[in-house]
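Engineer: Residue numbers (the working numbering): 23 to 385. Questions regarding the structure given below will be posed in turn.
Following this line, the structure appears as C-alpha cells:
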C-alpha cells in the first residue's frame, strides 16, 4: 500500500472482462516474449509472429486481454499488428483495427499505407477515421509519424506536408496540430524506422539545447513541439524528473511550460508499467505546483491507451478538491469513446457519486 495523505491507497485490481478460451493469452506461445519488458526488439518480433499466426482481429483481442501494459511500449507492440494488417489487406485494413492501446493498430496501418502509396493514401486512410473525432485525431497523429518517415526525418518538409494536407480541414480544426504532434514525436522516437536496418537520421535534435527544435520553428508549430519536448529533455537528463521540471519551467513562456509539463506527466505514465498506484508516487517528483495536474493527465493517459479502470481508479483516489477536474477529464473521454452505449453506461456505474450520475446523464 502507498500512503496518501493520512489514508492508504489500496492496490489497484483490474476489472478484466472474460475472454473466449480460444483467445486466452496464456495459451499463445509468443506471449512470453511479448511480455518481456527487458527487450523491446524481441517484443516487437514476437508480436509480428503472433499476428501472422492468428490474424489481425484475434491478435488484437489476445493482446487487449493480456497483461501487456497500456503504455507507450505496449502501444509500439500493437503497431506490429497494424503493419501486418496493411501488408495483408491494403487500404481496407483500417476497418479491421480496434481502438486498443491508443489506436496503435490504426497507427500501424496508416504508417504502412503512407510508405507504400504516398500522400494520397494517407488522406484516404485518415478520412476513413472521421466517424469518431477521437479516432480521427489519432489517425492524423499517425499520419504525422508516417510523413516524417517518408521525408527521411526532414522535419521542415514534414511540417509543410502536414500543413498542405490538413490546414484546410474545417470539420476538425485541431487535426493540423495532431499531425504536427505526430511529426515531432517521430523525430524523437523513430517509431517507424525500427527494425529496418537503417541508421537513424536525427538532424533535428541537439544534445546541447533542451529547447530545440521548438525554438527554431514559428508559433504555429509550438503546440505540436512542446507537447513532446519534455520527452526530449527527460532523455537529455537521463530520466531526471526534477531536472526536467526545472527546464520546462525555464522555457520563458507560460503556455510552453504548461504544454511541456503536460508532456512530462505523460512521460511518468509509462514509468507506472500499467499500475496506476505508482502515478501518486511518481507525480510527486514534478513538485507541488504540478502534482495535481500530473495526476489528472495520468488519468487521461491511462484512459487513452485503453486503461479505463485505471483512469477511474486515479480519480477515485485523488484529493477531494481535485475530483471534479479529474472526473471531468475521464467522463469527457467516456462520452467521446467510440464504444457502445451499454459499455459507456457500465463505465459510468463504476464512478462514485455524484460524478457517476453526471456521467450517466451525458451518454
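The beta carbon of each residue, even a glycine, is placed where N, CA and C say it ideally should be.
1) Count the other CB atoms within 10 Å of the CB of residue 224; is the residue buried (16 or more) or exposed (fewer)?
2) Out of 102, 64 and 346, which has the shortest C-alpha to C-alpha gap to residue 70?
3) By DSSP, does residue 31 sit in helix, in strand, or in coil?
4) Give the secondary structure of residue 239 by DSSP, where H, G and I count as helix, E and B as strand, and everything else as coil.
5) Tell me whether the segment 194-207 and the segment 235-248 touch, counting them as touching only if at least three CB pairs, one residue from each stretch, are closer than 8 Å.
6) Where are the alpha helix (DSSP H) runs, 4 residues long or more, that stay fully inside the segment 261-300, in chain order?
7) Give me the residue from 333, 268 and 139 with the minimum Cα distance to residue 354.
8) If you count every other CB in all the chains shown that lies within 10 Å of the CB of residue 131, and 16 or more means buried, which is it?
9) Is residue 302 close to the ligand PLP? I mean its beta-carbon at under 8 Å from any heavy atom of the ligand.
10) State the start and end residues of the unbroken alpha helix (DSSP H) segment that holds residue 369.
11) Judging by CA-CA distance, which residue of 79, 50, 57 and 86 is the nearest neighbour of residue 327?
12) By alpha-carbon positions, which one of 271, 117 and 175 ends up nearest to residue 154?
13) Could you tell me which of 107, 94 and 385 sits nearest to residue 81, measuring between CA atoms?
14) Would DSSP call residue 442 helix, strand or coil?
15) Could you tell me the alpha carbon to alpha carbon distance between residue 297 and residue 127, rounded to whole angstroms?
16) Closest by CA to residue 137, which one among 164, 168 and 123?
17) So, helix, strand or coil for residue 234, using DSSP?
18) Kindly indicate which three-state DSSP category residue 144 falls into: helix, strand or coil?
Structural biologist: Reading off the structure:
1) exposed
2) 102
3) strand
4) coil
5) yes
6) 263-271 and 276-293
7) 333
8) buried
9) Looking for the ligand PLP in the displayed structure turns up nothing, as the structure carries no ligands at all.
10) 363-371
11) 86
12) 117
13) 107
14) Residue 442 lies beyond the residue range present for the chain, which begins at 23 and ends at 385; the question has no answer from this structure.
15) 23 Å
16) 168
17) coil
18) helix
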